[in-house]
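Have a look at the structure below before the remarks.
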Amino acid sequence: MRTLVGIGGSDDSLRALAVALERAQDAGDEVTVAVVENPDSDLSVEEVETRVHEHLDERTLDADVRVLRGHPGSQLVDVADSEGFDRIVLGGGETSPLGKISIGSIAEFVLLNANTSVTLIR
Amino acid sequence: MSPDRLYPDDPAEAFDRPPVEFDDREGRPVTIQRYDGSEDGFESLVEMYVAFDPEDRAQGIPPTGEQQVRDWLDHILTDDCVNVVAVLEDGRRIGHATLVPDVPESRRDAGDGSEAYELAIFVLAAYQGAGIGTRLIRALLGAGQESELERVWLTVERWNHPAVALYKKVGFETSRTESFELEMSLRLR
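Protein chains in written order, with numbering that gives the first Met the number 0: chain A, 0 to 121; chain B, 0 to 188.
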């Protein structure tokens, strides 16, 4: 299976990265990590990219890492659909002070527009 | 949540403060009071949420499973939150409304200014549609005014028209419409 992991730098996206890499390693899936520009994230694209490489080094996992500039959701959908990915993996949302889960704007766009399956990591 | 959330310019009306006693539309006597922190009060809320209809869950709350309910209640029944409950004559809790600060008191710096609070309200299915929710939210906002809170916000599923109507009736205005859930906000003072 070919998996596209979309990471914008929010806490839930970093958690999703860790889970997705572990799962891909177990299953022998081919992984591409796409770093996207999330306007709500405190981390810059470069900082997120560094984190991704740290994760990969820790696991001695080989994965294609690329930066997608521009509207994050549409960039992810475009890459997944045009390059034959089977699945997009994203963070599963943040929790509000009283514990409500809310889905981020990137996940929402991808869910509504992707032709591939989408996995949100909780 | 975004710190740049919009709030109405004008404060809402002054709400009655709990305790509030009334008969609901089915003639059942109900008291709305502040959560008292007693063991009975806690256990009765656990019982209410374990019995909660999964259909009435919103964005993952209340959680399912008794231990998850207990952990969640431990998190929102702290002293820096405002909690009111709807109680029947026999002591059973059948409704609960809460205000939870964006940043807990323990993690705030002096001079941070006033905190915004997230609102949620729950009424057991068998007691819905009898006017209890309206009394509950009004008493919660009254308790919030008593505790000198200023800003309150909430999210609601956009298809949940009865809830949206209730929030509008007490003065909430829509503050954000571009995500899955509708965000609404209110100024208490």
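Every residue gets a Cβ at the ideal spot worked out from N, C-alpha and C, and that includes glycine.
Values in this document were obtained by computation on a predicted structure and should not be read as measured data.
Give a yes or no on whether 8 Å exceeds the smallest Cβ distance from residue i to chain A.
i	result
B:GLY128	no
B:MET0	Residue confidence is low: B:MET0 scores 46 on pLDDT, short of 50, so the model does not pin down where it sits. Its coordinate-derived value is still stated next. Closer than 8 Å: yes.
B:GLU65	no
B:HIS74	yes
B:ASP101	yes
B:THR154	yes
B:ALA125	no
B:TRP71	yes
B:GLN32	no
So which residues of chain B does residue i contact, with C-beta pairs closer than 7 Å?
i	result
A:ILE120	Per Cβ cutoff of 7 Å: no residues; A:ILE120 is ~15 Å from chain B at best.
A:LEU42	The premise fails here: A:LEU42 is roughly 17 Å from chain B at the closest Cβ pair, so nothing lies under 7 Å.
A:SER12	Those do not exist, as A:SER12 stays about 17 Å from chain B at its closest Cβ, beyond 7 Å.
Restricting to Cα atoms, I'd like to know which of the options is closest to residue i.
i	options	result
B:GLN32	B:ARG92, B:GLU177, B:ALA129	B:ARG92
B:TYR41	B:LYS168, B:ASP8, B:GLY94, B:THR133	Looking at the sequence shown, residue 41 of chain B is not Tyr but Phe. Looking at the Cα atoms, B:GLY94 is the closest of the given residues.
A:HIS70	A:GLY98, A:ASP39, A:PHE84	A:ASP39
B:VAL102	A:ILE105, A:GLY98, A:ILE102, A:SER104	A:GLY98
B:LEU123	B:GLU156, B:GLY170, B:ASN159, B:ALA50	B:ALA50
A:GLU107	B:SER178, B:VAL163, B:PRO17, B:ALA13	B:SER178
B:GLU20	B:LEU118, B:LEU135, B:LEU98, B:ILE60	B:LEU135
B:VAL68	B:GLU46, B:VAL169, B:THR173, B:ILE120	B:GLU46
Under 8 Å between beta-carbons, which chain B residues line up against residue i? List them in chain order, please.
i	result
A:SER104	GLU177, SER178
A:PHE107	Before going further, note that residue 107 of chain A is Glu rather than Phe in the sequence given. Result: SER178, PHE179.
Would you list the one or two residues that DSSP bridges to residue i?
i	result
A:ILE6	A:VAL34
A:SER101	A:GLU93
B:GLU54	DSSP, once it has assigned bridges, lists no residue as partnering B:GLU54.
B:GLY94	B:ALA85, B:VAL122
B:ARG32	The sequence given here has Gln at residue 32 of chain B, not Arg. In the DSSP output, where bridge partners are listed per residue, B:GLN32 has B:VAL84.
B:THR205	There is no way to answer for residue 205 of chain B, as the model of chain B reaches only from 0 to 188.
Within the 8 Å Cβ cut-off, does residue i reach chain B?
i	result
A:ILE100	yes
A:PRO71	no
A:LEU97	yes
Which residues of chain A have a Cβ atom closer than 8 Å to the Cβ of residue i, listed in chain order?
i	result
B:THR77	Simply none; closest approach about 11 Å.
Check whether the segment 88-96 of chain A and the segment 42-59 of chain A are in contact - that is, three or more C-beta pairs closer than 8 Å. no
When the Cβ atoms of the segment 69-89 of chain B are set against those of the segment 27-42 of chain B, are three or more pairs found closer than 8 Å? yes
At least 3 beta-carbon pairs within less than 8 Å: the segment 95-110 of chain A vs the segment 7-17 of chain B: no
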